[in-house]
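Chemist:
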RNA sequence: GCGCCCGUAGCUCAGCUGGAUAGAGCAGCGGCCUUCUAAGCCGCUGGUCGCAGGUUCGAGUCCUGCCGGGCGCGCCA
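Numbering (the numbering used here), first residue to last: 25 to 607.
So, in structure tokens, the structure goes:
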């Protein structure tokens, strides 16, 4: 049960009743209002601003309306106390038995706890990573990948139908550069001294193997026409890089439902036809761009070119879709790609990009608006830089890639679960510090450890219970039927209330497209659980297992199990495996 | 020069789409181990939410203008 949804309905009914009897305006129920947990739990369990929200339209002071709503609410059986506070907030206290029943909700749901249907099966496309197949993934790609993957899982959890997608930029200048880079190594292998690696080619060692493959063909490529060379080297090189990228991502627990290749969009004419369609719609036309003010490019030549008229959709300038040599710009194929996504029938598109692509957001939103007349939403999530350090000292060089820290290096060192969790401990648009030493620390400074430890402890308590009590059924089903009225400690009831807030947290995180919120929730839940655990050190009567009182123990174990399920539920969204012990 | 993102405790950051007395961790100080794992817990100290206006019952949150930092700005992707 989502407690806040439940009470929103009840508050709305009370409001309707009040307005019906009191001759208040009819359509008060159209006003948006919130039902949430008050910041200070002493105020109550649930708080609503309904009276404040409705007061203007009702033409009555908020406190006055609140008083009348409160008398309606008080009829509800789980409501034990109501207050009107401050300017007109309504605070509601619910009975302990109501809360205890929520514990059974968790136990019945297991680690699916928090699932809901608010997405109503709407189809959402999440595109992420989409790194060029010209080199290995770096740590920034890992962030985008983990973020996108967790967001996809989060949306699925609340009832959206999600496609996880990767756009492969296997066309254009960078593939030519890739082909030339492999060719350079090939020549060296065949003894045809190529000299220094020219500017603009890829220096990393990772291309050597592909070059060796070609070298096995002998000298046949040395005199091959540049065109066929670019085709073969570029294709095989990008395919190989993509395979390696997919391996890295797979080991990080990231798999995609769908790959779209830029090359295909060119070859099957999608790019040309989409641009043509936009031209017919009046969104694409010939024009001459002004040079950017203040930046003064050196070789600026006013040139007539084909432009997407993104200014009509809120962009700062119109954007070219053709280069001076007549070929399509990257932007043109990205238009085609987004058209392709749209044609597959999504109600919402989410793109996860690096923050250095921020300047691209407006034009892409313009594209989606132009293509769908505003029917499909595009949300672009920008992931900020990851700073990798070891004991606070920046780690920069990679043996393999030359200039950056690769995903593989970090993954091999800290493991998938640590990498994934840490990536989700910050908002996507805030820079992230990733300290290789700190994330492996077993201390409360390390959120991965802290949350995992709470889960492990919940498992440990159950193991101990199995040893302490013979013939006791500790399955979730049995625990749900235990005598939960034994749970009377304020800490225990507070813990239940935290657990009961989980579905709402999942939902708001999903709607905001911000999985990091759940990392904070899990840390707070873990802290609360550790605190309750430690109370047992000081007062043995508060221990989860009280040998001489099995029914009390079972009720507490129900709570412990529910904490474990909720943490597991969150970790599963993150793609992190909950651990049962930490020895 | 223009656009986007960011500015919250000494440090690292939350702040649930406008709610009540702005929170957490670290650092500092003081407590708790014959233990259901002290790998942890409890308490204290710490704030002109970058600055100045505006919108309204109510602003860290929305609008405008400054200040400071990051990213980007045709023929790379």
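Built from N, CA and C at the ideal position, the CB exists for glycine as well.
1) Under a Cβ-count criterion, where at least 16 other Cβ atoms within 10 Å of its own Cβ denotes burial, should residue 164 be classed as buried or exposed?
2) Check whether the region 383–402 and the region 334–343 touch, using three or more Cβ-Cβ pairs below 8 Å as the test.
3) Taking its Cβ as the centre, do 16 or more other Cβ atoms sit within 10 Å of residue 535, making it buried, or is it exposed?
4) Would you call the region 163–181 and the region 526–543 touching, i.e. three or more CB-CB distances under 8 Å?
5) Classify residue 434: buried if its beta carbon has 16 or more other beta carbons within 10 angstroms, exposed otherwise.
6) What runs of the beta strand (DSSP E), each 3 residues or longer, lie entirely inside the region 153–216?
7) Could you tell me which uninterrupted alpha helix (DSSP H) segments, each at least 4 residues in length, are contained entirely in the region 272–354, listed from first to last along the chain?
8) Taking all protein chains shown into account, decide if residue 609 is buried (16 or more other Cβ within 10 angstroms of its Cβ) or exposed.
9) With 16 as the cutoff for other CB atoms within 10 Å, does residue 416 come out buried or exposed?
10) Could you check whether residue 410 and residue 456 sit closer than 9 Å to each other, using their CB atoms as the reference points?
11) Does DSSP put residue 117 in a helix, a strand or coil?
12) Going along the chain, which residues of its own chain have a beta-carbon closer than 7 Å to the beta-carbon of residue 508, five neighbours each way excluded?
13) Compute the beta-carbon to beta-carbon distance between residue 78 and residue 89, rounded to the nearest angstrom, for a pair I have assumed lies under 8 Å.
14) So, for residue 309: in the same chain, excluding its five sequence neighbours on each side, which residues have a beta-carbon less than 8 Å away from its beta-carbon?
15) So, at 7 Å on beta carbons, what are the nonlocal neighbours of residue 44 in its own chain, with the 5 sequence-adjacent residues on each side left out?
16) Can you tell me whether residue 84 is helix, strand or coil according to DSSP?
17) Leaving out five residues on either side along the sequence, give the residues of the same chain with a beta carbon under 7 Å from the beta carbon of residue 183.
18) Do you know offhand how far residue 604's Cα is from residue 345's?
19) Measuring straight from C-alpha to C-alpha, what distance separates residue 157 and residue 261?
20) Where does the unbroken alpha helix (DSSP H) through residue 140 begin, and where does it stop?
21) Classify residue 573 as buried or exposed, calling it buried when 16 or more other Cβ atoms lie within 10 Å of its own Cβ.
22) Between which two residues does the beta strand (DSSP E) carrying residue 109 extend?
23) Quick check: what's the CA-CA separation for residue 191 versus residue 290?
24) Three-state secondary structure (DSSP) at residue 598?
25) Only counting the same chain, and skipping five residues up and downstream in sequence, which positions put a Cβ closer than 7 Å to that of residue 209?
26) Under the assumption that residue 570 contacts residue 576 (Cβ atoms under 8 Å), give the Cβ distance between them as a whole number of angstroms.
27) Quick check on residue 372: does DSSP put it in helix, strand or coil?
28) On the three-state DSSP scale, how would you describe residue 458?
29) Give the straight-line distance between the Cα atoms of residue 168 and residue 602, rounded to the nearest whole angstrom.
30) Output the distance between the C-alpha atoms of residue 547 and residue 98, rounded to the nearest integer angstrom.
31) Contact between the region 492–499 and the region 525–532 is defined here as three or more beta-carbon pairs at a separation below 8 Å; is this criterion met?
32) Assign residue 359 to one of two classes, buried (16 or more other C-beta atoms within 10 Å of its C-beta) or exposed (fewer than that).
33) Can you list, in chain order, the residues of its chain with a C-beta nearer than 7 Å to that of residue 122? Leave out the 5 residues immediately preceding and following it.
34) Looking only at its chain, what residues have a beta carbon closer than 8 Å to the beta carbon of residue 616, apart from the 5 residues adjacent to it on each side?
Modeler: On the basis of the coordinates in this document:
1) With 16 or more Cβ atoms within 10 Å of its Cβ, residue 164 is classed as buried.
2) A contact exists between the region 383–402 and the region 334–343.
3) Exposed, since its Cβ has fewer than 16 Cβ neighbours within 10 Å.
4) With the cut-off at 8 Å, the region 163–181 and the region 526–543 touch.
5) Buried: at least 16 other Cβ atoms inside 10 Å.
6) If we require 3 residues or more, the beta strand (DSSP E) runs fully inside the region 153–216 come out as 185–192.
7) Here the runs fully enclosed are 286–291, 294–304.
8) Beyond the ends of the chain as shown, which are 25 and 607, falls residue 609; an answer cannot be given.
9) When all chains shown are included, residue 416 counts as exposed.
10) Closer than 9 Å, so yes.
11) Annotated three-state conformation of residue 117 is strand, per DSSP.
12) In chain order, 124, 127, 579, 582 place their CB closer than 7 Å to the CB of residue 508, counting only its own chain and leaving out the 5 sequence neighbours on each side.
13) In this structure residue 78 is in contact with residue 89, their Cβ atoms being roughly 6 Å apart against a cut-off of 8 Å.
14) Answer for residue 309: 303, 330, 331, 333, listed in chain order.
15) Nothing listed; no residue qualifies.
16) Note: residue 84 maps to coil in three-state DSSP.
17) Setting aside the 5 residues that flank it on each side, residue 183 is surrounded in the same chain by 140, 141, 142, 143, 144, 145, each with a C-beta closer than 7 Å to its C-beta; the list follows chain order.
18) If you take the alpha carbons of residue 604 and residue 345, they lie about 54 Å apart.
19) Using only the alpha carbons, I get a separation of about 8 Å.
20) Looking at the DSSP string, residue 140 is not in any alpha helix (DSSP H), and its letter there is neither H nor E.
21) With a threshold of 16 other beta carbon atoms within 10 Å, residue 573 falls short and is exposed.
22) Bounds of the beta strand (DSSP E) holding residue 109 are 103–109.
23) A straight-line Cα-Cα distance of about 13 Å links residue 191 and residue 290.
24) Here DSSP, grouped into helix, strand and coil, assigns residue 598 to helix.
25) If we look at residue 209 and ignore the five residues flanking it on each side, its Cβ neighbours are 231, 232, 235.
26) The C-beta distance from residue 570 to residue 576 rounds to 6 Å, short enough to fall under 8 Å.
27) Strand at residue 372.
28) The answer is strand: DSSP assigns residue 458 an E or B state.
29) For residue 168 and residue 602, the gap between their C-alpha atoms comes out near 22 Å.
30) So the alpha carbons of these two residues sit roughly 35 Å apart.
31) Three or more Cβ pairs closer than 8 Å define a contact, and the region 492–499 falls short of that threshold against the region 525–532.
32) It counts as buried.
33) The residues are 102.
34) With the chain running from 25 to 607 in the structure shown, residue 616 is simply not present.
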